[in-house]
Amino acid sequence: MSEMRVVGVRVELPANQPILLLRETEGERYLPIWIGSVEATAIALEQQGVRPARPLTHDLLKEVIGALGRELEQVVITDLREGTFFAELVFDGNVRVSARPSDSVALALRVGVPIHAVDAVLEEAGLIIPDEQEDEVEKFREFLESVSPEDFRGADT
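Residue numbers for the sequence shown follow UniProt numbering, beginning at 1 and rising by one.
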């Protein structure tokens, strides 16, 4: 089992399908997981430190877990069957609850617990992105963070 970190959420074009991208903390493999737009928003908001005016479902779940006196210890991406990923929330006392990976990751980010993927999932769906492509992706990400809409206005406007 490998610990994973959230790289971020990207939108695949032309279908506009959000992808959660995880990467091994001690390895080279990436794990792309197609997710829903609501979960993508929840993950992105938490990564950016944005607090919505009203708590999202994952914020509520975090509060319920605490109110019940339980502790989420980790999230594990456990399986990949017919193109669908499966995960488990692992609580104190080794209580396990089946969950979608997108919801699990959104909750793990809020609680601050590790995210793991079993080796079989990484062997089947993990990708290694060549360094030169990774450098280009990072350069593009830095460019996007540094520009504003005004940078694209023509001299005539």
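We put the CB at the ideal spot given by N, CA and C, even for glycine.
Does the CB of residue i have a neighbour CB from chain D at under 8 Å?
| i | result |
| --- | --- |
| Val118 | Of the protein chains in this structure there is only one, and it is not chain D. |
Could you say which of the options lies nearest to residue i if we only look at CA atoms?
| i | options | result |
| --- | --- | --- |
| Ile35 | Leu20, Val75, Phe91, Gln48 | Leu20 |
| Ala106 | Thr84, Ala42, Gly49, Ala53 | Ala42 |
| Gly49 | His116, Leu122, Ala117, Gly112 | Gly112 |
For residue i, I'd like the list of residues in its chain whose CB is within less than 6 Å of its CB, leaving aside the five on either flank, ordered along the chain.
| i | result |
| --- | --- |
| Arg96 | Glu88, Val90 |
| Val9 | Pro18, Leu20, Ala40, Ile43, Ala44 |
From the DSSP output, in three-state form, read off residue i for me.
| i | result |
| --- | --- |
| Val50 | coil |
| Gly83 | coil |
| Arg70 | coil |
Mind checking residue i: buried by the 16 CB within 10 Å criterion, or exposed?
| i | result |
| --- | --- |
| Asp151 | Annotation note: pLDDT 44 at Asp151 (below 50); position unreliable, coordinate value reported separately. Exposed, because fewer than 16 other Cβ atoms sit within 10 Å of the Cβ of Asp151. |
| Arg5 | exposed |
For residue i, collect the residues of the same chain with a Cβ closer than 8 Å to its Cβ; drop the 5 residues on either side in sequence, then sort them by chain order.
| i | result |
| --- | --- |
| Arg70 | Phe91, Asp92, Val95 |
Mind reading off the beta-carbon distance from residue i to residue j? Whole number of angstroms is fine, and I expect it under 8 Å.
| i | j | result |
| --- | --- | --- |
| Asp59 | Arg110 | 6 Å |
| Ile77 | Val118 | 7 Å |
Considering only residues of the same chain and omitting the five flanking positions on each side of residue i, which have a CB-CB separation below 7 Å?
| i | result |
| --- | --- |
| Leu61 | Leu107 |
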